[in-house]
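Comments concern the structure below.
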Amino acid sequence: MKQLFTILLTLGLLCGCNNQQTEQSSKEPVDYVNNRIGNISHLLVPTFPTCHQPNSMIRMNPGHNEFVTDRMEGLPLNVPSHRQGSVLFMMPYCGDAAGLKSRINYRYDQEKTTPYKYSVLFDDYGVFVEFAPGKQAAMYSLTFEEDGDRFIQLRATGKGEIKGEGNTLSGYDVYVNNHTKHYFYAEFDQTPIAFSENGNGTAINYAQFDKNVKRVNMRYGVSYISVEQAKKNLEKEIKDYNLENLALTARNEWNKALGKIDVSGGTEDQKTTFYTALYRSHERMINISEDGKYFSGFDGKVHDDEGVDFWTDDWIWDNYHALHPLQIILNPADEVEKLTSYIRMYEHSGWMPTFPCVFGDAHCMNGNHAAAMFADALAKGLEFDVNKAYEGMRHTVLNETMIPWSRSPKTVLDDFYHEKGWFPGLYPGEKETIPQVSAFERRQSVAVTQAASYDDWSIAQMAKHLGKKDEYNFHIKRAFNYRHLFNKETGFFQPKDKDGKFIEPFDPIFCDGIGARAWFAENNAWTYIWNVHHNIADLIDLFGSNQAFIDKLDQLFAEGIKRSKWQYYATNPDATGNVGQYVAGNEPSFHIPYLYNYAGQPWKAQKRIRMLMESWFRNDLMGVCGDEDGGGMSAYYVFSAMGFYPVTAGLPYYVIGSPLFDESSIHLDNGKTFTVIAKNNSEDNKYIQSAELNGQPFNKTYFTHEDIMNGGTLTLIMGNRPNKQWGVGKDAIPPSEGTEIKLMN
17 MKQLFTILLT LGLLCGCNNQ QTEQSSKEPV DYVNNRIGNI SHLLVPTFPT
67 CHQPNSMIRM NPGHNEFVTD RMEGLPLNVP SHRQGSVLFM MPYCGDAAGL
117 KSRINYRYDQ EKTTPYKYSV LFDDYGVFVE FAPGKQAAMY SLTFEEDGDR
167 FIQLRATGKG EIKGEGNTLS GYDVYVNNHT KHYFYAEFDQ TPIAFSENGN
217 GTAINYAQFD KNVKRVNMRY GVSYISVEQA KKNLEKEIKD YNLENLALTA
267 RNEWNKALGK IDVSGGTEDQ KTTFYTALYR SHERMINISE DGKYFSGFDG
317 KVHDDEGVDF WTDDWIWDNY HALHPLQIIL NPADEVEKLT SYIRMYEHSG
367 WMPTFPCVFG DAHCMNGNHA AAMFADALAK GLEFDVNKAY EGMRHTVLNE
417 TMIPWSRSPK TVLDDFYHEK GWFPGLYPGE KETIPQVSAF ERRQSVAVTQ
467 AASYDDWSIA QMAKHLGKKD EYNFHIKRAF NYRHLFNKET GFFQPKDKDG
517 KFIEPFDPIF CDGIGARAWF AENNAWTYIW NVHHNIADLI DLFGSNQAFI
567 DKLDQLFAEG IKRSKWQYYA TNPDATGNVG QYVAGNEPSF HIPYLYNYAG
617 QPWKAQKRIR MLMESWFRND LMGVCGDEDG GGMSAYYVFS AMGFYPVTAG
667 LPYYVIGSPL FDESSIHLDN GKTFTVIAKN NSEDNKYIQS AELNGQPFNK
717 TYFTHEDIMN GGTLTLIMGN RPNKQWGVGK DAIPPSEGTE IKLMN
């Protein structure tokens, strides 16, 4: 009997294992996406469970900002720009007509969301809602589960107009400013018995349906051009009222996009975190060309796209680090169209934008890192109008103000920078005299100087490509301006006043103002030590030696916050994901762990990168450690999980870290595949013992973009102890500009 029990138990376990393996093997990439990851924020803005097709004009987020809230204001027809508001809230109602309100604060339950389908129950009103997205059209299905009058109400968030006629609602919502209209055209599969009495020309309208109607399907198209174009977009994309078919189409689109990278090994949670990050790397930019035309928020006009689609919605301060470099690999043809779109934005407005949105340039943060985006694409072989991009970048950096969050011509502060080479700071308590400086964002004098140095370096790369010797020499000299603010006595970049004196007192943790914005931006001096992306070699030289540089890096991860948490985060609210003074939750920190490679101790990078991925990026509601910014942080994780990262946008190199997965394969548009294999990989075996590239011994801590595009295999042999001899030679160190200013003759 005991023997029989053992046999049955063994068979049961084997069947269970086989079922689990079958379930895992039947999963497609989109099945690993959990868009609830990060829906509860650590401090600031959470991620959103966005339902959309990759990089599509239509996106839908439910009308609640935090996962833990008990209320929502309805479901929007669209979210035109990431984190910048929704339009046209759809508000169903079932009950006594006397209780219908122009604003409904819904309680909700049983909310389920995937990238390709969403559903929710409005339990107070007995309405079950489902949604599926197209690219420029979408569909809602509403099931009325209780008795009462049935209404579907649309509310514009701005000064819109909504018209009801036949079985349709149509009109527009004014988005953000007075010249950006978001048009829509919606059709019901049931004919309403009435529309709201106040009717046409208002920003609210409802369609009322017979009390016997149990289910109403609403399909709709959107447009930035006209109601007629919205109708065309609908008719082109959705032929019936089958929501499941539309969801299946969206699902297939996601599998196509996510399937460009295959990973194996690792845990199910790690795969979920990875593919969710890859999904979020396809929210922005969005393609808004409609039948060969597009609306530009930069001049308020409709243009012919001349066969090249127009893209917008980008925060380049966040996204030049990792999102654009990732898309160069995965979708190079789309990236060329994005570059062309930036050039068009310059032609429409006279300035190269910083935060291009549907309504124009939001113009946030500091620097103009479209320069790095262009330089990176140029270095990696993408073909675009380099002359026009160079013209726009050079004109902008020399004539527009560098004052953070200010969209205006240059000021006396900019003239000072162009003459002296640093942005002057103010002492704590010193009164601001320049009206363009925001009372909250302030001058950010060190961050601005560093950003301008990188921008000049990026422009110099374009000038060199174009053979513009004098202009290259001009910009490459300015690329070293960060040197003016490095204080060798303290080992920090530190603000200087207009007379060239370092500002004292200086506390590198609690700098002047919330988010250190008097001198830095969102992060304190500990983060901005390392903010010289284009010239790590010279940064090491400023410290005096590799060992001094390593010692400072080690101290970064060990330096305490010095005060209680509530005091620290009240002053540094963007500094989430702390490891010592390292801030995993903000873009300026992404590259920092990889810097160990530049100073001859790559094993420390391998250790630290694994620790950061395992600690701060997880498959749970708080599994993103900072503002994800619509792809910026997610793309960083995608790179790091595969085992490499583009430290310097503008150079065609990737710096090696420590892969999470046994194997990661990138399927390129040219038909080739680049694979990273980590042999003997495990949670403990995170250290590289040796490496091969395409079967040949490989001792460098970086590889080239050409290596990826040619296809091939990088094989890393992993172990549970550091090999302190691998990747430490002079030839192993990733390239950067260098310590000498090299002029063109």
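Throughout the sequence shown, residue numbering follows this note's numbering, covering 17 to 761 in sequence. Cβ coordinates follow ideal geometry from the N, Cα and C atoms, glycine included.
Which residues in the same chain have their Cβ closer than 6 Å to the Cβ of residue 24, if we skip the five residues on either side of it in sequence? As a position in the sequence shown, residue 24 is number 8, starting the count at 1. The predicted model places residue 24 with a pLDDT of 43, which falls under 50 and marks its position as unreliable; any figure quoted below should be read in that light. The answer is none, since no qualifying residue turns up.
Would a C-beta distance cut-off of 9 Å place residue 186 and residue 230 closer than the cut-off? Numbered from 1 along the sequence shown, position 170 holds the residue referred to as residue 186. Numbered from 1 along the sequence shown, position 214 holds the residue referred to as residue 230. Not in contact: residue 186 and residue 230 (Cβ atoms no closer than 9 Å).
Hey, residue 359 and residue 395 are a contact pair by Cβ (cut 8 Å); roughly how many whole angstroms apart? Counting from 1 along the sequence shown, the entry for residue 359 is found at position 343. Counting from 1 along the sequence shown, the entry for residue 395 is found at position 379. That belief does not hold up - the Cβ atoms of residue 359 and residue 395 are roughly 18 Å apart, past 8 Å.
Where residue 682 falls: helix, strand or coil (DSSP): As a first step, residue 682 must be located in the sequence shown, where it is residue number 666. Residue 682 falls in the strand class under three-state DSSP.
When DSSP labels each residue in this structure, what does residue 171 get in the three-state scheme? Numbered from its first residue, the sequence shown carries residue 171 at position 155. In this structure, residue 171 counts as strand in the three-state DSSP scheme.
Pairs of beta-carbons, one from the segment 336–343 and one from the segment 662–673, closer than 8 Å: are there three or more? yes
Using a Cβ-Cβ cut-off of 8 Å (strictly less than) and excluding sequence neighbours within five positions of residue 207, which residues of its own chain qualify? Numbered from 1 along the sequence shown, position 191 holds the residue referred to as residue 207. Counting only Cβ-Cβ distances below 8 Å, and skipping sequence neighbours, we find 182 and 183.
Could you compute how far the alpha carbon of residue 696 sits from the alpha carbon of residue 375? Reading the sequence shown from its first residue, position 680 is the one you call residue 696. Reading the sequence shown from its first residue, position 359 is the one you call residue 375. Roughly 51 Å between the two C-alpha positions.
In terms of residues, what are the limits of the beta strand (DSSP E) holding residue 138? Here residue 138 refers to the residue found at position 122 when the sequence shown is read from its first residue. 134–138 is the span of the beta strand (DSSP E), which, as asked, contains residue 138.
Using 10 angstroms around the beta-carbon of residue 461, count the other beta-carbons present and answer buried if the total reaches 16, otherwise exposed. Taking the first residue of the sequence shown as 1, we reach residue 461 at position 445. Residue 461 comes out buried.
Where does residue 390 land, buried or exposed, given buried means 16+ other C-beta within 10 angstroms? The residue you call residue 390 lines up with position 374 of the sequence shown. With 16 or more other Cβ atoms within 10 Å, it is buried.
Which one of 669, 628 and 125 has the shortest CA to CA distance from residue 549? As a position in the sequence shown, residue 549 is number 533, starting the count at 1. Of 669, 628 and 125, the residue nearest in Cα terms is 669.
Mind checking which residues open and close the alpha helix (DSSP H) that includes residue 388? Start at 1 with the first residue of the sequence shown, and residue 388 comes out as number 372. Residue 388 -> alpha helix (DSSP H) spans 386–395.
Are the segment 679–690 and the segment 612–625 in contact at 8 Å, needing three or more beta carbon pairs? Taking 8 Å as the limit for Cβ pairs, the verdict is that the segment 612–625 does not touch the segment 679–690.
On the DSSP bridge assignment, give the partners of residue 237 in chain order. The residue you call residue 237 lines up with position 221 of the sequence shown. Partner(s): 153 and 201.
Does the segment 431–446 come within contact of the segment 496–506, defined as at least 3 CB pairs closer than 8 Å? Yes, the segment 431–446 is in contact with the segment 496–506.
In angstroms with no decimal places, state the Cα-to-Cα distance between residue 610 and residue 301. Stepping through the sequence shown from its first residue, residue 610 is reached at position 594. Stepping through the sequence shown from its first residue, residue 301 is reached at position 285. Answer to the nearest angstrom: the Cα atoms are 27 Å apart.
How about the segment 128–137 and the segment 253–266: do they share at least three Cβ pairs that are nearer than 8 Å? yes
Using the beta-carbon count (16 or more within 10 Å), is residue 599 buried or exposed? Within the sequence shown, the letter at position 583 stands for residue 599. Buried, since its Cβ has 16 or more Cβ neighbours within 10 Å.
Alpha helix (DSSP H) runs contained entirely in the segment 691–755, provided each spans 4 or more residues: Those alpha helix (DSSP H) runs which fall completely within the segment 691–755 and span 4+ residues are 721–725.
For residue 456, is the classification buried or exposed, using 16 other Cβ atoms within 10 angstroms of its Cβ as the cut-off for buried? Counting from one through the sequence shown, the residue named residue 456 turns up at place 440. With fewer than 16 Cβ atoms within 10 Å of its Cβ, residue 456 is classed as exposed.
CB contact check: residue 250 to chain C, cutoff 9 Å: The question asks about chain C, but that chain is absent: this structure has only one protein chain.
May I ask which residues mark the beginning and end of the beta strand (DSSP E) holding residue 181? To locate residue 181, count along the sequence shown from 1; it is residue 165. Where residue 181 is concerned, the enclosing beta strand (DSSP E) stretches over 177–181.
Hey, how far is the Cα of residue 712 from the Cα of residue 706? One-based indexing of the sequence shown puts residue 712 at position 696. One-based indexing of the sequence shown puts residue 706 at position 690. The alpha-carbon atoms of residue 712 and residue 706 are separated by roughly 11 Å.
How far does the alpha helix (DSSP H) with residue 253 in it extend, from its first residue to its last? The residue given as residue 253 occupies position 237 in the sequence shown. 243–253 is the span of the alpha helix (DSSP H), which, as asked, contains residue 253.
What are the boundary residues of the beta strand (DSSP E) that includes residue 319? Within the sequence shown, numbered from 1, the residue matching residue 319 stands at position 303. First-last of the beta strand (DSSP E) with residue 319: 317–320.
Could you compute how far the alpha carbon of residue 385 sits from the alpha carbon of residue 472? Position 369 of the sequence shown, counting from 1, holds the residue named residue 385. Position 456 of the sequence shown, counting from 1, holds the residue named residue 472. The C-alpha of residue 472 is placed about 10 Å away from the C-alpha of residue 385.
Return the Cβ separation of residue 628 and residue 595 in integer angstroms, given the expectation that the two are a contact with Cβ distance under 8 Å. On the sequence shown, position 612 is the one that residue 628 refers to. On the sequence shown, position 579 is the one that residue 595 refers to. The Cβ separation is near 7 Å, so the contact holds.
Excluding the five sequence neighbours on either side, which residues of its own chain have a C-beta within less than 7 Å of the C-beta of residue 479, listed in chain order? Counting from 1 along the sequence shown, the entry for residue 479 is found at position 463. So the qualifying residues of the chain are 406, 487, 488 and 491.
Below 8 Å on the Cβ atoms is my contact criterion, and I expect residue 138 with residue 92 to pass it. Report the Cβ-Cβ distance as a whole number of Å. Counting from 1 along the sequence shown, the entry for residue 138 is found at position 122. Counting from 1 along the sequence shown, the entry for residue 92 is found at position 76. With 8 Å as the limit, residue 138 and residue 92 do not qualify as a contact, their Cβ atoms being about 15 Å apart.
Would you decide whether residue 446 is buried or exposed? Buried here means 16 or more other CB atoms lie within 10 Å of its CB. One-based indexing of the sequence shown puts residue 446 at position 430. Label assigned to residue 446: exposed.
Take residue 305 and list the residues in its own chain whose beta-carbon comes closer than 6 Å to its own, dropping the five residues that flank it on each side. As a first step, residue 305 is located in the sequence shown; it is residue number 289 there, counting from the start. If we look at residue 305 and ignore the five residues flanking it on each side, its Cβ neighbours are 321, 325 and 326.
Restricting to Cα atoms, I'd like to know which of 127, 525 and 533 is closest to residue 78. For the purposes of this step, residue 78 is taken as residue 62 along the sequence shown, with counting starting at 1. The residue with the shortest Cα to Cα distance from residue 78 is 127.
For residue 57, the residue or residues it bridges with in DSSP: In the sequence shown, residue 57 corresponds to position 41, counting from 1. None; residue 57 has no bridge partner.
Chain-order list of residues whose beta-carbon lies under 6 Å from that of residue 159 (same chain, five-residue window excluded): The residue given as residue 159 occupies position 143 in the sequence shown. Within the same chain, Cβ atoms closer than 6 Å to the Cβ of residue 159 are found at 144 and 231, the five residues on either side in sequence being excluded.
Whole-angstrom Cβ separation of residue 201 and residue 236, contact assumed at under 8 Å? Along the sequence shown, one-based indexing puts residue 201 at 185. Along the sequence shown, one-based indexing puts residue 236 at 220. Confirmed, Cβ separation roughly 6 Å.
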